[in-house]
Amino acid sequence: MCLAIPGQIKAFDADQQFATVDVSGVRRKVNVDLLREDGLDEDDWVLIHVGFAMSKISAAQAEEQLRLLTMLGEAAAAIEEVEGYQFDDEDDPWPSG
Amino acid sequence: MKYVDEFRDGRLIESAAKEIRRLADPGRHYRIMEVCGGHTHAIYRYGLKDLLPENIELVHGPGCPVCVLPMGRVDDGLDIAETSGAIFTAFGDMMRVPGSKGSPLEYKARGMDVRMVYSPLDALKIARQNPDRDVFFFAIGFETTAPSTALTLRQAKAIGVENFSVFSNHVTIIPAIRAILDSPDMRLDAFIGPGHVSTVIGCRPYEFIARDHGTPVVVSGFEPLDLMQSIVMILHQLNEGRSEVENQYARVVPWEGNLPALRALAEVFTLRPYFEWRGLGFISQSALGLSPAYAAFDAEVRYEVPGVRVTDPKAAQCGEVLKGVLKPHQCKLFGKECTPEHPIGALMVSSEGACAAEFQYRFRIEELEILEQ
Ligand code: SF4
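If you're matching them up, the sequences are chains A and B in order.
For the first sequence, this note's numbering gives the first residue as 5, with consecutive numbering after it.
For the second sequence, this note's numbering gives the first residue as 10, with consecutive numbering after it.
Here's what the structure looks like:
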């Protein structure tokens with residue numbers, strides 16, 4: 005639970021609350037509220053924790069984090085987690101608050 | 010030195026190991042606590058112990074959220090969901106954690122509606138999809154996870170979801186460290202500070218440890234080289250008679266933490282006067298309950314909480330292991346009655362738990378030895 009998952013921002017939702025990220029080829033939406041003040045752009049890398057982007061990182065750091073997950077035997081679980089996020093399906097868009 | 014060849018930074022790690030041997034005073038025994046369960050997992054997985062001289066002892070800390078949860082809280086959560094007929098949602102880490110009448114998975118097998126989620130937002134989504142059912146989210150985690158629960162609650166309030174409640178078991182790391190520092194049977198020379206908790210709270214909250222207790226803190230990343238470098242930094246401090254908070258993981262951890270996350274915590278949560286931790290007992294102001302503004306979403310307001318207190322099974326020594334007084338294999342049940350397949354305590358369930366980490370590590374050593382033969 006403590007190990008964060010690296011993802012790259014691909015697109016922002018209209019309300020800027022959620023963004024589509026790419027995690028090793030898997031695309032899902034995550035909440036980016038906590039990083040909006042830092043200024044977040046497309047192609048930026050972030051560390052994701054339970055559906056929320058928690059920190060902005062460099063591309064090199066993202067690569068390192070992925071390697072770390074692999075080394076810890078957690079890479080598959082991380083992808084499974086990202087695939088498991090249910091809150092962003094297209095048929096039932098998330099209402100903005 | 011079993012694993013060092015597997016690492017990309019194998020050579021750098023060797024040289025860090027050499028530096029550690031050079032810096033460590035052979036006449037001294039060092040006890041260094043890694044606070045975070047992610048670090049515990051990494052230390053075993055990498056076999057870092059094999060790289061350190063004998064007089065440097067790594068003591069596993071309390072930073073595994075499901076491990077520190079007393080069994081009574083697990084029972085309370087399951088009891089509320091069972092009595093109220095609510096849908097019980099929780100992270101995967103929680104699913105196999107034993108309560109006194111079974112784990113969430115076992116309740117599920119007995120017919121309760123138990124659903125694993127990967128994010129608190131998923132639990133909220135389940136509530137929106139099931140407007141005629143109550144949905145109960147069993148929230149766990151330190152400051153890394155608590156902001157996610159806070160933002161989910163903010164959203165639930167903004168869109169007016171009425172059938173969603175949170176049973177908060179969020180805990181905060183500083184009071185636990187304080188309790189360990191104050192406990193008489195604990196002598197520690199330094200702390201390896203948690204990586205991801207610190208992305209939220211920053212490094213400042215650790216300053217009292219260095220200042221008032223004279224104990225160095227180095228916030229560390231999770232790679233083998235990070236951990237080795239953190240130990241080098243700690244030894245430098247100890248040799249030079251310094252005690253400071255240093256940030257080895259500055260590439261991810263900002264000194265001031267994440268302000269929006271801290272603001273969300275302050276808005277949604279309030280510090281409980283006290284909370285029970287497994288092994289550490291009641292610690293004042295160490296856990297987060299929902300603030301009055303979020304009472305409508307507070308499972309402890311919405312439902313009757315039985316508030317049961319159950320002690321761990323007699324022979325189980327989870328408390329001592331959590332405090333760092335015993336090593337996992339010193340528990341009488343380790344690897345016998347208690348295994349990852351049949352966990353007696355939560356420390357054997359979570360990959361961040363010291364018992365599971367040590368069990369997997371031993372298993373891997375045996376595997377390697379068989380391969381070598
Ligand atoms: S081996 Fe099992 S019972 Fe013993 S301390 Fe670890 S989790 Fe608890």
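Ideal placement from N, C-alpha and C gives every residue a C-beta, glycine not left out.
None of the values given here were measured: they were computed from a predicted structure.
Spatial neighbours of residue i in its chain, beta-carbon cut-off 7 Å, leaving aside the 5 residues before and after
i        : result
Met10/B  : For Met10/B, the pLDDT reaches just 47, beneath the cut-off of 50, and the residue's location in the model is therefore unreliable, leaving the point undetermined.
Asp194/B : Val334
Ala383/B : Residue 383/B is absent from the structure shown; chain B starts at 10 and stops at 382.
Ala25/B  : Leu234, Met237, Gln238, Val241
Arg373/B : none
Pro140/B : Asn172
Val317/B : Gly81, Asp84, Asp85
Val170/B : Leu133, Ala136, Arg137
Tyr312/B : Ile89, Ser93
Leu44/A  : Ile13, Val36, Lys60
Ala308/B : Ile89, Phe145, Ser174, Val175, Phe176
Glu346/B : Ile353
Glu28/B  : Val241
Those residues which DSSP pairs with residue i across a bridge
i        : result
Asn151/B : Rather than Asn, the amino acid found at residue 151/B in this sequence is Phe. None, per the DSSP bridge assignment.
Ser174/B : Phe145/B
Thr279/B : Gly298/B
Cys45/B  : Gly72/B
Trp264/B : Note: Trp264/B sits in no beta bridge, so no partner.
Leu67/B  : Ile41/B
Met125/B : Ala99/B
Glu253/B : Its beta-bridge partners do not exist; DSSP assigns none.
Gly111/B : Gly108/B
Ile9/A   : Ile52/A
Lys33/A  : Thr24/A
Asp307/B : Val175/B
Ile379/B : Ile379/B is not bridged to any residue.
Gly202/B : Val228/B
Ile292/B : Phe284/B
Ile61/A  : Trp49/A
Val180/B : Ala296/B
Ala15/A  : Thr24/A
Cys347/B : Phe343/B
Beta-carbon contacts of residue i that lie in its chain and below 8 Å, excluding the five residues immediately before and after
i        : result
Gly101/A : Legend: pLDDT at Gly101/A = 47, less than 50; position of this residue unreliable, no value from coordinates given.
Ile135/B : Ile96, Thr98, Arg124, Val126, Val144
Ile41/B  : Ile65, Glu66, Leu67, Val68, Leu197, Asp198, Ala199, Phe200, Ile201, Ile240, Ile243
Leu32/B  : Val241, Leu244, His245, Asn248
Tyr258/B : Gly204, Ser207, Val228, Ser229, Gly230, Asp235
Leu356/B : Cys73, Cys76, Cys327, Val330, Leu331, Pro337, Gly362, Ala363, Cys364, Ala365
Gly55/A  : Val34, Asn35, Tyr89, Phe91
Residue of the options minimising C-alpha distance to residue i
i        : options                                : result
Val310/B : Ile168/B, Pro107/B, Thr154/B, Val175/B : Val175/B
Arg272/B : Lys33/A, Leu39/A, Asp26/A, Arg31/A     : Leu39/A
Leu342/B : Tyr370/B, Ala324/B, Val358/B, Met121/B : Ala324/B
Leu114/B : Glu378/B, Gly362/B, Pro352/B           : Pro352/B
Ser62/A  : Asp48/A, Gly55/A, Phe16/A, Phe56/A     : Asp48/A
Asp37/A  : Arg71/A, Val30/A, Arg31/A, Lys60/A     : Lys60/A
Arg20/B  : Leu234/B, Val317/B, Phe306/B, Glu313/B : Leu234/B
Ser359/B : His50/B, Pro35/B, Tyr39/B, Val44/B     : His50/B
Leu70/A  : Asp19/A, Val27/A, Asp17/A              : Val27/A
Ile52/B  : Glu28/B, Glu232/B, Glu276/B            : Glu232/B
Ser109/B : Ala118/B, Ala132/B, Arg82/B            : Arg82/B
Pro191/B : Ala165/B, Pro62/B, Gly290/B            : Sequence check: residue 191/B is Asp here, not Pro. With distances taken between Cα atoms, Asp191/B lies closest to Gly290/B.
Gln4/A   : Arg260/B, Cys340/B, Glu255/B, Val170/B : Given that chain A is displayed from residue 5 to residue 101, the structure contains no residue 4/A and the question cannot be resolved.
Leu162/B : Asn267/B, Gln369/B, Tyr303/B, Val319/B : Tyr303/B
Met58/A  : Val314/B, Cys347/B, Val262/B, Gly250/B : Val262/B
Gly47/B  : Lys117/B, Thr153/B, Glu28/B, Arg30/B   : Thr153/B
Own chain, CB closer than 6 Å to residue i, minus 5 neighbours either side, in chain order
i        : result
Ile292/B : Pro184, Ala188, Trp286
Ala79/A  : Leu73
Ile218/B : Thr224, Val226
Pro214/B : Ile183
Val77/B  : Pro71, Trp286, Arg287
Arg142/B : Ile96
Arg281/B : Ala296, Gly298
Gly29/A  : none
Asp221/B : none
Ser157/B : Pro129
Gly266/B : Val209, Ile210, Gly211
Asp18/B  : Leu234
Anticipated Cβ contact below 8 Å, residue i with residue j, distance rounded
i        : j        : result
Phe151/B : Val106/B : Not a contact, Cβ separation roughly 16 Å.
Ala15/A  : Ala23/A  : 7 Å
Phe284/B : Val180/B : 7 Å
Phe387/B : Ser252/B : Because residue 387/B is not part of the residues shown, which for chain B are 10 to 382, the question remains open.
Leu76/A  : Arg371/B : Not a contact, Cβ separation roughly 17 Å.
- request: Please list, in chain order, all residues with a C-beta atom less than 6 Å from at least one heavy atom of the ligand SF4.
  value: Ala325/B, Gln326/B, Cys327/B, Val330/B, Pro337/B, Cys340/B, Leu342/B, Phe343/B, Cys347/B, Ile353/B, Gly354/B, Leu356/B, Met357/B, Cys364/B
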